[in-house]
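Below is one structure; the comments refer to it alone.
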DNA sequence: GCGGTTCTGAAACGATCGGTCCACAATCTA
DNA sequence: TAGATTGTGGACCGATCGTTTCAGAACCGC
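Okay, structure coming up:
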């Protein structure tokens, strides 16, 4: 048995996530990743294999620590009728906080969709799966909110809500008011 | 008077647009721009000043040659009642064409929103203005489609439609079916 | 035909890229 | 205490980056 790893993997991946989220995969440089994580590149390569390996770990942390906690109330059994409204209200608050990473950079996965790395099949699949996961969760929230409406109408509402979230994430960096406006539109649709 | 320029500026800018649209500003390399335009880097720098100067020209061409022709029927006076439905139908067709640039890369400006270059104030402004222009045009289309509905309702519908377009553009690379689904959602909302 | 001006292209510049190498440090076991 | 193993860090690798330089080409006016 040799030397023990001197860093906390989760903390390193979270630091790297910040770099990928703000800069995108392509523009995130190894020196920037070194600086954010506090590790030398040898340690990064030893632990993650490559810049892409670190990116994959960062994406997983993004899903586990950013996306899924926000979606959790929509996956409860039963889902509370207000869960979907709270989801949008919470997201709206997050995107309205100037200077914070969600207001500056929206969604790592939505941004990644428009980047060259999204042509990699594994990355493409991950982003598409995320969209499906978001859609399913919002679908549950809408079902809980409007149990009396017919299935087709609830389905359409869930699709609309999903698109409103994606749109807000896509444009928040350049037009925060419009992004918040998209979420407000969803909240109007979700009024009882 | 010296030597005449040997290339057609519009053709060069359109070729460069293809590179920026598929790769994004950051990942578009000068060699790739040379290859696509057929020009040597000296000529590119002589004509456009910098890579960023060429990008600015490409964005302008994107607005003039891609965005505005599609929006033109929504800016007519009067706007035809079906103009907005035709806008969505046409866009849906374009995003469904596998292999073509809109199906592969969506919208240059929406993709740019999530990229580091969007932090440049001029670029940020350009993308935000584009969103406003799209919104205004769709607003006109919705007003023409539903003149009898009250203003607040037409306003909401225009916001929804704008978000559905943005969402479709944002995700088309990774999930074309969902992108087309967003546009179908808009078409449902626009049924008389 | 020559001078002046502008355009083009090959080469080079300094910087940075992602990744590897190798020596040293830190650990455990015998 | 020495050997084996694993982690760390500084230096280096070959390649590529965006941009500039400078010589030659192509034009026009006198």
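Residue numbers (our numbering), protein chains in the order written: chain A, -9 to 182; chain B, -9 to 182.
Ideal placement from N, C-alpha and C gives every residue a C-beta, glycine not left out.
Check, Outcome
"Whole-angstrom C-beta distance between residue 42 (chain A) and residue 94 (chain A), which should lie under 8 angstroms", "The Cβ separation is near 24 angstroms, so there is no contact."
"Given 8 angstroms, three or more beta-carbon pairs between the stretch 153 to 172 of chain B and the stretch 89 to 103 of chain B", "yes"
"Residue nearest to residue 81 (chain A) in terms of C-alpha spacing, selected from A:20, A:154 and A:-9", "A:154"
"Rounded separation between residue 102 (chain A) and residue -6 (chain B) - CA only", "43 angstroms"
"6 angstroms Cβ shell around residue 23 (chain B) - same chain, five flanking residues per side excluded", "6 and 9"
"Residue range of the alpha helix (DSSP H) that includes residue 25 (chain A)", "20 to 27"
"Any 3 or more C-beta pairs closer than 8 angstroms across the stretch 52 to 67 of chain A and the stretch 120 to 131 of chain A", "yes"
"C-beta neighbour in chain B for residue 163 (chain A), strict 8 angstroms", "yes"
"Chain A contacts from the stretch 127 to 160 of chain B (Cβ-Cβ distance under 7 angstroms)", "146, 149, 150, 153, 154, 156, 157 and 160"
"Endpoints, alpha helix (DSSP H) assigned at residue 53 (chain B)", "Looking at the DSSP string, residue 53 (chain B) is not in any alpha helix (DSSP H), and its letter there is neither H nor E."
"Residues from the stretch 72 to 104 of chain A in contact with chain B, defined by Cβ distance under 7 angstroms", "96, 100, 101, 103 and 104"
"Pair within 8 angstroms by beta-carbon distance, residue 132 (chain A) and residue 147 (chain A)", "yes"
"Alpha-carbon to alpha-carbon, residue 47 (chain A) and residue -2 (chain A)", "14 angstroms"
"Cβ of residue 178 (chain A) within 8 angstroms of any chain B Cβ", "yes"
"Contact with chain A by residue 121 (chain B), beta-carbon distance below 8 angstroms", "yes"
"Sequence-distant residues of its chain with Cβ nearer than 8 angstroms to residue 52 (chain B) (five each side left out)", "7, 11, 98 and 99"
"Contacting positions in the stretch 10 to 29 of chain B - beta carbon closer than 7 angstroms to chain A", "13, 14, 16 and 17"
"Range covered by the alpha helix (DSSP H) that runs through residue 34 (chain B)", "31 to 38"
"Contact with chain A by residue 70 (chain B), beta-carbon distance below 8 angstroms", "no"
"Proximity test, Cβ basis, 8 angstroms: residue 60 (chain B) and chain A", "no"
"With 16 other Cβ atoms within 10 Å as the buried cut-off, status of residue 206 (chain B)", "In this structure chain B extends from -9 to 182, so residue 206 (chain B) is not present and cannot be described."
"Listed by chain order, chain B residues near residue 171 (chain A) by CB distance under 8 angstroms", "149"
"Closest Cα partner of residue 182 (chain B) within the set B:96, B:137, B:55 and B:17", "B:137"
"Residue 73 (chain A) burial status per 10 Å Cβ neighbour count (16 or more: buried)", "buried"
"Beta carbon proximity, residue 48 (chain A) to chain B, threshold 8 angstroms", "no"
"Residue from A:66, A:3, A:141 and A:15 with nearest C-alpha to residue 37 (chain A)", "A:3"
"Option in B:105, B:140, B:122 and B:168 with minimal Cα separation from residue 118 (chain A)", "B:168"
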